[in-house]
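Chemist: Dropping a structure here in structure tokens format, bear with me for questions.
Protein chains in written order, with the numbering used here: chain W, 1 to 485; chain E, 1 to 228.
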């Protein structure tokens, strides 16, 4: 799907280009002097092939600046996450468009009962259909975190089957349970969803996350995924996932330096394994909440750090994506303002793929009415990004001269009729009524969102072809038979 | 010149914990021992007073986790030295109980478990944090080595959950289960899961972990809840 664009995308960053150079130099000092730990011979070989020095029985990798710059030079400046068998769902990453993607959760506010409960397989189906139906949801993260009503050993496979069966929009995957066959099974399912191995290589539809275990450890499980993603042609989203004050420094600049250390190390690793493989820098860098020890995702420092990573991505001409989210444990004003501020900040900084819609509380809670509300929130952001278009006709001088001074009105002017729909934003759900008429009777915003969500769940049909659904089910049967007998 | 063991000395010792001054703490403890301080007094009138104040301030929102964690670390360094002397004298210092805590095999997430360990320590428990990716044998060995009362196991991932049950089964097999209270925690851990594997309690956050631990160990606090 075409994302939001406009003259403000990528226009605001929290650090200057000169400061990007300082962050880069600091990160290189850490990579050259301290390096990263690597407990996996496959990863060690990748670093060695890229010109890095291996010390301490090949467990410590010192990465010279040349290896970083060589690797960055191999990365494409943009790539496409394709719709599955549907080019209208293609999302262009790194070209000045901003796309919004759902987030995941362990619990759900049940739309019909109001109960807060653990998520199930049916919720995975419902969440996928919701995301498929909403016009400003461009892609999906896993619709729910786990399926609490299914066996844990095949949980990711069941989840992925339902996900692929109910939407053609592109998606994002992050390592889930660590089960033995997870990597190969999920890639196989993604291939089935688009008709085969080569079809997926030609038109990748998933963004695969690879994460450093902070501080500065190349994680063996993520190397499994890195290899799987690269072999299948799946573009990478590479992130540090540090938590300021716990697994990263307690200054914003220090967090950014360590983020870049860890991101650079994954750039070197991935480009050594598969030169030219598309990737994006990813922002997921909360500070630790100093009272609870939890990650704080709704805070200004989280959002501003994402802007910093976007600045570094722009500095190197690499696409950038990121996780949004709020810390609120319910869908309230805190959720709304944390998300609106962060997502607008992200969009201004030029993030191409923002993973945030429909959930809160740090991957803990999802709600379908909330996804509807945030579908509208990002429409507002899209409008803001347009800025003010300046051209002769929009400057409107002839019309201004014609209508004024009073008496006179623009309401019946052809110029008005031509332009108002394009220039003025028309929200679907938000209130713009007269105060008195609203007082006489109205439907609350939450209720409007609930009604829209219920309508989608009652009426929206999966766009996925029946034969693909059947093939996915057959492969899932194979997985279940193999792992559960 | 030998220092004088008096109220001022104990106050200084408490302050090293409150301020997170590990080198000063070790120096004062050693100087105190040279000057003949009763090691039990050094703990109870000095270090423990400090950690109590830290716990109160944390509960009141005056200080935050880094200060709490540093204080717990200083306390540990001081008591490690003093415990040797206390043990040699045949005495035993007051503690709500000894906890061995770690992140289960298959998981390398450290922070949540470390926060719980620090909050437990600030609430009067002796905590031995044995780290991450800990297998059944390492848990059992640590419980024996430290003569622990409580086993704490944590994970952020789903598959390692199964490892928790293995540890509890082993405890039963070797006849230690009745002597050890087991508390589990982490993102995917539910009450149902804890019941299923036979754990005694689940801590849903650090405060809850201390609250549940107090219940298991029969600790009645003067304050309404644990300091977290």
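The C-beta atom is built at its ideal place from N, Cα and C for all residues, glycine as well.
Using beta-carbon positions only, say whether residue 42/E and residue 13/E come within less than 8 angstroms of one another.
Modeler: For the purposes of this step, residue 42/E is taken as residue 42 along the second chain, with counting starting at 1. For the purposes of this step, residue 13/E is taken as residue 13 along the second chain, with counting starting at 1. The answer is yes: Cβ separation under 8 angstroms.
Chemist: Find the residues of chain W that neighbour residue 106/E, judging by a C-beta separation of less than 9 angstroms, and give them in chain order.
Modeler: Locating residue 106/E in the second chain gives position 106, counting from the first residue. Neighbours of residue 106/E on chain W, chain order: 178.
Chemist: Looking at the C-beta of residue 140/E, does it have a partner C-beta in chain W at a distance below 8 angstroms?
Modeler: As a first step, residue 140/E is located in the second chain; it is residue number 140 there, counting from the start. With 8 angstroms as the cut-off, residue 140/E does not count as an interface residue toward chain W.
Chemist: List in chain order: all unbroken alpha helix (DSSP H) runs of 4+ residues lying wholly within the segment 286-344 of chain W.
Modeler: 300-316, all fully within the segment 286-344 of chain W.
Chemist: Which two residues bound the contiguous alpha helix (DSSP H) that contains residue 209/W?
Modeler: Residue 209/W sits at position 209 when you count from the first residue of the first chain. First-last for residue 209/W: 206-211, but that is the beta strand (DSSP E), not the alpha helix (DSSP H).
Chemist: Helix or strand or just coil, what does DSSP make of residue 432/W?
Modeler: What you label residue 432/W is simply residue 432 of the first chain in a count that begins at 1. Residue 432/W: coil per DSSP, three-state reduction.
Chemist: Less than 7 angstroms between C-beta atoms, sequence neighbours within five positions excluded: which residues of the same chain meet that for residue 51/W?
Modeler: Counting from one through the first chain, the residue named residue 51/W turns up at place 51. Same-chain partners within the cutoff: 64, 66, 67.
Chemist: Report yes if the C-beta distance between residue 1/W and residue 89/W is below 8 angstroms; otherwise report no.
Modeler: Numbered from 1 along the first chain, position 1 holds the residue referred to as residue 1/W. Numbered from 1 along the first chain, position 89 holds the residue referred to as residue 89/W. Going by C-beta atoms, residue 1/W is nearer than 8 angstroms to residue 89/W.
Chemist: Tell me whether residue 138/W sits in a helix, a strand or coil according to DSSP, three-state version.
Modeler: In the first chain, counting from the first residue as 1, residue 138/W sits at position 138. DSSP places residue 138/W in coil when its eight states are reduced to three.
Chemist: List in chain order: all unbroken beta strand (DSSP E) runs of 3+ residues lying wholly within the segment 145-209 of chain E.
Modeler: Here the runs fully enclosed are 150-154, 181-185, 201-203.
Chemist: Among 106/E, 17/E, 35/E, 27/E, which residue has its Cα nearest to the Cα of residue 6/E?
Modeler: Counted from its first residue, the second chain places residue 6/E at position 6. Residue 6/E has its Cα closest to that of 35/E, out of 106/E, 17/E, 35/E, 27/E.
Chemist: Is the beta carbon of residue 177/W closer than 8 angstroms to that of residue 158/E?
Modeler: For the purposes of this step, residue 158/E is taken as the residue at position 158 of the second chain. For the purposes of this step, residue 177/W is taken as the residue at position 177 of the first chain. In contact: residue 158/E and residue 177/W (Cβ atoms closer than 8 angstroms).
Chemist: Does the beta-carbon of residue 129/E have 16 or more other beta-carbons within 10 angstroms, so that it is buried, or is it exposed?
Modeler: Looking up residue 129/E in the second chain gives position 129. Buried, because 16 or more other Cβ atoms sit within 10 Å of the Cβ of residue 129/E.
Chemist: With a 10 Å radius around its C-beta and 16 neighbouring C-beta atoms as the bar for buried, classify residue 459/W as buried or exposed.
Modeler: For the purposes of this step, residue 459/W is taken as residue 459 along the first chain, with counting starting at 1. Flag for residue 459/W reads exposed.
Chemist: Thinking C-alpha only, which one of 315/W, 305/W, 329/W, 11/W is nearest residue 566/W?
Modeler: Look at the range of chain W in this structure, 1 to 485, and you will see that residue 566/W is not part of it.
Chemist: With 8 angstroms set as the bound, which would you pick, yes or no: does the beta-carbon of residue 291/W sit closer than that to a beta-carbon of chain E?
Modeler: Numbered from its first residue, the first chain carries residue 291/W at position 291. Yes, its Cβ sits closer than 8 angstroms to a Cβ of chain E.
Chemist: Could you tell me if residue 103/E is buried or exposed, where buried requires 16 or more neighbouring beta carbons within 10 angstroms of its beta carbon?
Modeler: Residue numbering aside, residue 103/E sits at position 103 when the second chain is read from its first letter. Buried.
Chemist: If we require 4 or more residues per run, which alpha helix (DSSP H) segments fall completely within the segment 401-433 of chain W?
Modeler: Complete alpha helix (DSSP H) runs here, min 4: 414-423.
Chemist: In chain E, which residues lie with their C-beta within 7 angstroms of the C-beta of residue 245/W?
Modeler: Residue numbering aside, residue 245/W sits at position 245 when the first chain is read from its first letter. Correct list: 66.
Chemist: Starting from residue 38/W, trace the alpha helix (DSSP H) in both directions and tell me its first and last residue.
Modeler: As a working mapping, residue 38/W is identified with position 38 in the first chain. Premise fails: residue 38/W lies in the beta strand (DSSP E), 36-38, not in any alpha helix (DSSP H).
Chemist: In this structure, how does DSSP classify residue 160/W when only helix, strand and coil are distinguished?
Modeler: Stepping through the first chain from its first residue, residue 160/W is reached at position 160. It is helical.
Chemist: Any C-beta of chain W within less than 8 angstroms: which residues of the segment 195-208 of chain E qualify?
Modeler: Within the segment 195-208 of chain E, the qualifying residues are 205, 206.
Chemist: So if DSSP puts residue 126/E in a beta bridge, which residue, or which two residues, is it bridged to?
Modeler: Residue 126/E sits at position 126 when you count from the first residue of the second chain. In DSSP, residue 126/E forms a bridge with 98/E.
Chemist: Classify residue 30/W: buried if its beta carbon has 16 or more other beta carbons within 10 angstroms, exposed otherwise.
Modeler: Taking the first residue of the first chain as 1, we reach residue 30/W at position 30. By the neighbour-count rule (16 or more Cβ atoms within 10 Å), residue 30/W is buried.
Chemist: Check whether the Cβ atoms of residue 146/E and residue 124/E lie closer than 8 angstroms to each other.
Modeler: Residue mapping note: residue 146/E aligns to position 146 of the second chain, counting from 1. Residue mapping note: residue 124/E aligns to position 124 of the second chain, counting from 1. It is not a contact, given that the beta carbons lie outside the stated cut-off.
Chemist: Assuming contact is defined by CB atoms lying nearer than 8 angstroms, are residue 155/W and residue 146/W in contact in what I supplied?
Modeler: Your numbering for residue 155/W matches position 155 in the first chain. Your numbering for residue 146/W matches position 146 in the first chain. Contact: yes.
Chemist: Leaving aside the five residues before and after residue 479/W along the sequence, list all residues of the same chain whose C-beta is less than 8 angstroms from its C-beta, in chain order.
Modeler: Taking the first chain and counting its residues from 1, the one referred to as residue 479/W is at position 479. The answer, listed in chain order, is 154, 157, 181, 185.
Chemist: How is the alpha helix (DSSP H) around residue 284/W delimited, first residue to last?
Modeler: Along the first chain, read from residue 1 onward, the residue named residue 284/W stands at position 284. It is not in any alpha helix (DSSP H) - residue 284/W carries neither H nor E in the DSSP assignment.
Chemist: Which residues in chain E have a C-beta closer than 9 angstroms to the C-beta of residue 146/W? List them in chain order.
Modeler: Counted from its first residue, the first chain places residue 146/W at position 146. Correct list: 158, 188.
Chemist: Over what stretch of residues does the alpha helix (DSSP H) that includes residue 171/W continue unbroken?
Modeler: Reading the first chain from its first residue, position 171 is the one you call residue 171/W. Per DSSP, residue 171/W belongs to no alpha helix (DSSP H); it is in the beta strand (DSSP E), 171-173.
Chemist: Taking its Cβ as the centre, do 16 or more other Cβ atoms sit within 10 Å of residue 389/W, making it buried, or is it exposed?
Modeler: Numbered from 1 along the first chain, position 389 holds the residue referred to as residue 389/W. It is exposed - the Cβ of residue 389/W has fewer than 16 other Cβ atoms within 10 Å.
Chemist: Using a Cβ cut-off of 8 angstroms (strictly closer), state whether residue 212/E contacts chain W.
Modeler: Taking the first residue of the second chain as position 1, residue 212/E is located at position 212. Residue 212/E does not count as touching chain W.
Chemist: Give me, in chain order, the residues of the same chain whose beta-carbon lies closer than 6 angstroms to that of residue 204/W; leave out the 5 immediate sequence neighbours on both sides.
Modeler: Position 204 of the first chain, counting from 1, holds the residue named residue 204/W. Here the set comprises 233, 234, 235.
Chemist: What residues in the segment 114-142 of chain E bring their beta carbon closer than 9 angstroms to a beta carbon of chain W?
Modeler: Going along the segment 114-142 of chain E in chain order, one finds 114, 115, 116, 118, 119 with a Cβ nearer than 9 angstroms to chain W.
Chemist: Check for me: the alpha helix (DSSP H) holding residue 183/W runs from which residue to which?
Modeler: As a first step, residue 183/W must be located in the first chain, where it is residue number 183. Residue 183/W -> alpha helix (DSSP H) spans 182-194.
Chemist: Can you find the residues in the same chain that come closer than 8 angstroms, C-beta to C-beta, to residue 445/W, ignoring five residues on each side of it along the sequence?
Modeler: Numbered from 1 along the first chain, position 445 holds the residue referred to as residue 445/W. Here the set comprises 373, 429, 430, 431.
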